[in-house]
Amino acid sequence: MMVFPRRSTAGHGLVSLFRLVASLLVIGALAACSPKRYLVSRLADEWSSQSMAEEDDLILAREASAFYLKFSESLLKQTPGHAALGESVASGFTQYAYAFVSFDAERTEGRDAGAALRMRQRAARLYLRAHGHAMAVLEHRHPGFLQALADPQARPALTADEVGLAYWAAASWGAYISLSKDKPEVVADLPLAVRLARLAWSLEPGFAQGSLASLVATLEAARPGGNLAEAARLFDEAEKAGDGRNAGLYVARAEALHNADRDGTERLLREALRVSSQHASLANQLVHERAAWLLKTLNERF
3 MMVFPRRSTA
13 GHGLVSLFRL
23 VASLLVIGAL
33 AACSPKRYLV
43 SRLADEWSSQ
53 SMAEEDDLIL
63 AREASAFYLK
73 FSESLLKQTP
83 GHAALGESVA
93 SGFTQYAYAF
103 VSFDAERTEG
113 RDAGAALRMR
123 QRAARLYLRA
133 HGHAMAVLEH
143 RHPGFLQALA
153 DPQARPALTA
163 DEVGLAYWAA
173 ASWGAYISLS
183 KDKPEVVADL
193 PLAVRLARLA
203 WSLEPGFAQG
213 SLASLVATLE
223 AARPGGNLAE
233 AARLFDEAEK
243 AGDGRNAGLY
253 VARAEALHNA
263 DRDGTERLLR
273 EALRVSSQHA
283 SLANQLVHER
293 AAWLLKTLNE
303 RF
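Oh and the sequence shown: position 47 is 49 in my numbering, straight run, nothing missing.
Following this line, the structure appears as structure tokens:
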């Protein structure tokens with residue numbers, strides 16, 4: 003289960019963003035000496051502060067995602083070292099893949115296995131795309147980052163403002179691996195995803211209302227020989243950081259640790275429904291849908 007933090011925004015949605023784009027075009031027309039790089043950088047700064055998380059209509063968010071993601075991706079290509087924009091792009095593709103493709107595949111499986119397979123394959127490609135963008139930014143900012151990550155004797159460079167970027171790089175990596183269990187060369191990278199998540203967690207343990215701690219816990223439970231007691235401790239830490247407002251933490255814990263515990267799973271899923279109902283956000287809406295579906299199909303798994 004992926005846990006999606008709610009990103010804070012400085013603007014007032016798409017209207018303010020379109021106004022900014024228009025103003026930058028005017029500036030460019032009036033001041034021919036202003037370099038294109040400056041204008042693109044300004045736009046990248048503002049665009050990365052926008053987020054579909056502020057949208058309270060789930061259907062509208064889904065319909066708007068394609069434009070948001072494609073424009074963000076195009077802008078990132080022109081500002082390859084922009085940490086905030088890289089985080090926005092990686093988070094956008096990861097959340098879209100999880101909420102609108104992978105989840106659809108699970109709900110479709112029972113009536114059309116072929117369609118579900120195609121959806122999972124598409125989700126895997128989107129996760130890989132998200133991961134590629136995040137890692138490219140980290141590599142641009144810290145040449146040799148991936149090489150250092152793969153070296154047990156090295157400590158990859160990571161700064162406080164890159165924690166979110168590393169979170170989404172690790173989250174998308176883990177999700178891609180989970181859908182690629184028939185590819186040993188992909189599964190072999192799981193220790194690197196775990197190390198990246200822990201590296202970010204060491205800098206900011208409470209990141210995004212416990213979402214990062216929850217990711218570390220989920221990866222710990224998923225890795226071969228994983229320490230389930232340590233995963234449970236990390237989930238406790240995540241819930242404390244979430245302060246009862248992050249519904250995704252409870253679904254993540256249910257799916258990671260309670261596959262053989264029907265009562266425990268049901269308790270956590272009902273808690274996710276309660277929290278998501280009391281604390282409205284797009285992320286909690288998505289979690290509410292998943293928790294409700296998992297409860298409805300509980301008897302099929304136990």
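Backbone N, C-alpha and C fix where the C-beta goes; we use that ideal spot for every residue, glycine too. Note that this is a predicted model, so its numbers are computed, not measured.
For His142, the nearest candidate out of Gly83, Phe95, Leu130 (CA to CA)
Counted from its first residue, the sequence shown places residue 142 at position 140. Nearest option by C-alpha distance: Gly83.
Tell me which residues share the same chain as Ala195 and place their Cβ nearer than 7 Å to its Cβ, disregarding the 5 neighbours each side in the sequence.
As a position in the sequence shown, residue 195 is number 193, starting the count at 1. Closer than 7 Å at the Cβ level, and outside the excluded window around Ala195, lie Ala172, Trp175, Gly176, Ile179, Leu221.
Looking at C-alpha atoms only, which residue of Leu77, Arg225, Gln287, Leu130 is the closest neighbour of Ala274?
Here residue 274 refers to the residue found at position 272 when the sequence shown is read from its first residue. When Leu77, Arg225, Gln287, Leu130 are compared, the shortest CA-CA separation from Ala274 is found for Gln287.
Assuming Tyr70 and Thr96 form a contact by the criterion Cβ under 8 Å, report the distance between their Cβ atoms to the nearest whole angstrom.
The residue given as residue 70 occupies position 68 in the sequence shown. The residue given as residue 96 occupies position 94 in the sequence shown. Not quite, the Cβ-Cβ distance comes to about 13 Å (not below 8 Å), so this is no contact.
Pick from Arg276, Asn248, Asp263, Ile61: whose alpha carbon is nearest that of Asn301?
Against the sequence shown, residue 301 aligns to sequence position 299. Shortest Cα-Cα distance from Asn301 to any of Arg276, Asn248, Asp263, Ile61 involves Asp263.
Just the Cα atoms here: how many angstroms apart are Ser76 and Arg124?
Looking up residue 76 in the sequence shown gives position 74. Looking up residue 124 in the sequence shown gives position 122. Spanning the two alpha carbons is a distance of roughly 20 Å.
Residue from Gln80, Arg292, Gln149, Phe102 with nearest C-alpha to Ser309:
Here the chain covers residues 3 to 304 and nothing more, so residue 309 does not appear.
Classify Ser25: buried if its beta carbon has 16 or more other beta carbons within 10 angstroms, exposed otherwise.
For the purposes of this step, residue 25 is taken as the residue at position 23 of the sequence shown. Any reading at Ser25 must be qualified, since the residue scores a pLDDT of 41, below 50, and its modelled position is unreliable; the value itself is stated next. The residue is exposed, with fewer than 16 neighbouring Cβ atoms inside 10 Å.
Taking C-beta to C-beta, are Val165 and Phe209 nearer than 8 Å?
Locating residue 165 in the sequence shown gives position 163, where the first residue counts as 1. Locating residue 209 in the sequence shown gives position 207, where the first residue counts as 1. Yes, the Cβ-Cβ distance between Val165 and Phe209 is below 8 Å.
Excluding the 5 residues flanking Ala240 on each side, which residues of the same chain have their C-beta closer than 7 Å to its C-beta?
The sequence position of residue 240 within the sequence shown is 238, counting from 1. The residues are Gly212, Ala215, Ser216, Ala219, Leu251.
Let me make sure I understand the geometry here. Which of Ser93, Lys72, Gly246, Arg197 has the alpha-carbon closest to that of Pro154?
In the sequence shown, counting from the first residue as 1, residue 154 sits at position 152. Among Ser93, Lys72, Gly246, Arg197, the Cα nearest to that of Pro154 is on Arg197.
Count the other C-beta atoms from every protein chain shown that fall within 10 angstroms of the C-beta of Gly227, then say buried if there are 16 or more, exposed otherwise.
Within the sequence shown, the letter at position 225 stands for residue 227. Burial call: exposed.
Going by CA-CA distance only, name the one from Ala293, Leu87, Leu201, Arg127 that's closest to His159.
Mapped onto the sequence shown, residue 159 falls at position 157. Here the sequence assigns Ala to residue 159, which means His is not the residue at that position. The residue with the shortest Cα to Cα distance from Ala159 is Leu201.
Distance between beta carbons of Leu230 and Leu271, contact taken as under 8 Å:
Against the sequence shown, residue 271 aligns to sequence position 269. Against the sequence shown, residue 230 aligns to sequence position 228. Not quite, the Cβ-Cβ distance comes to about 19 Å (not below 8 Å), so this is no contact.
Exposure label - Arg292; buried when at least 16 CB within 10 Å
For this step, residue 292 is matched to residue 290 along the sequence shown. With 16 or more other CB atoms across the displayed protein chains lying within 10 angstroms of its CB, Arg292 is buried.
If you draw a straight line from the alpha carbon of Arg247 to that of Leu192, how long is it in whole angstroms?
Here residue 247 corresponds to residue number 245 of the sequence shown, with the count starting at 1. Here residue 192 corresponds to residue number 190 of the sequence shown, with the count starting at 1. So the alpha carbons of these two residues sit roughly 29 Å apart.
Hey, how far is the Cα of Asp238 from the Cα of Ala63?
Here residue 238 refers to the residue found at position 236 when the sequence shown is read from its first residue. Here residue 63 refers to the residue found at position 61 when the sequence shown is read from its first residue. Our two residues, Asp238 and Ala63, have alpha carbons roughly 31 Å apart in a direct line.
Taking DSSP as the reference, what is the three-state secondary structure of Leu27?
Translated into the one-based positions of the sequence shown, residue 27 becomes position 25. Only weak support is given to the placement of Leu27: the predicted model assigns it a pLDDT of 43, under 50, and the value that follows is read from those uncertain coordinates. Correct three-state label for Leu27: helix.
For Asn301, the first and last residue of its enclosing alpha helix (DSSP H):
Taking the sequence shown and counting its residues from 1, one reaches residue 301 at position 299. It spans 300-303 - the alpha helix (DSSP H) in which Asn301 sits, taken as one unbroken run.
Which residue comes first and which comes last in the alpha helix (DSSP H) that contains Pro82?
Looking up residue 82 in the sequence shown gives position 80. Taken as a continuous stretch (DSSP letters only), Pro82 belongs to no alpha helix (DSSP H), as it is neither H nor E.
Cβ separation of Trp170 and Ala92, assumed to be a contact under 8 Å, to the nearest whole Å:
Taking the sequence shown and counting its residues from 1, one reaches residue 170 at position 168. Taking the sequence shown and counting its residues from 1, one reaches residue 92 at position 90. Confirmed, Cβ separation roughly 4 Å.
From Gln80 to Thr267, what distance separates their C-alpha atoms?
In the sequence shown, the residue the question calls residue 80 occupies position 78. In the sequence shown, the residue the question calls residue 267 occupies position 265. Answer to the nearest angstrom: the Cα atoms are 45 Å apart.
Where Phe147 falls, given that 16 or more other Cβ within 10 Å makes a residue buried
The residue labelled residue 147 in the question sits at position 145 within the sequence shown. By the neighbour-count criterion, in which 16 or more other beta carbons inside 10 Å mark a residue as buried, Phe147 falls on the buried side.
For Asp106, does the three-state DSSP call read helix, strand or coil?
Numbered from 1 along the sequence shown, position 104 holds the residue referred to as residue 106. In the structure shown, Asp106 sits in a helix (DSSP, three-state: H, G or I).
With distances taken from CA atoms, which of Gly94, Phe105, Lys72 is nearest Ala294?
Residue numbering aside, residue 294 sits at position 292 when the sequence shown is read from its first letter. Per the Cα distances, Phe105.
Quick one: grab the DSSP three-state call for Gln280.
Here residue 280 refers to the residue found at position 278 of the sequence shown. It is helical.
Using the Cβ count rule (16 or more neighbours within 10 Å means buried), how would you classify Ser279?
Along the sequence shown, one-based indexing puts residue 279 at 277. It is exposed - the Cβ of Ser279 has fewer than 16 other Cβ atoms within 10 Å.
Write down every uninterrupted run of the alpha helix (DSSP H) in the region 199-230 whose length is 4 residues or greater and which is fully enclosed by it, in chain order.
209-224
Got a sec? Which residues, its chain only, sit under 7 Å from Tyr122 by beta carbon, not counting five neighbours each side?
Locating residue 122 in the sequence shown gives position 120, counting from the first residue. A quick correction: the sequence has Arg, not Tyr, at residue 122. So the list reads Ser104, Ala107, Leu181, once near-sequence residues are dropped.
With DSSP collapsed to three states, give me the class of Glu141.
Your numbering for residue 141 matches position 139 in the sequence shown. Correct three-state label for Glu141: helix.
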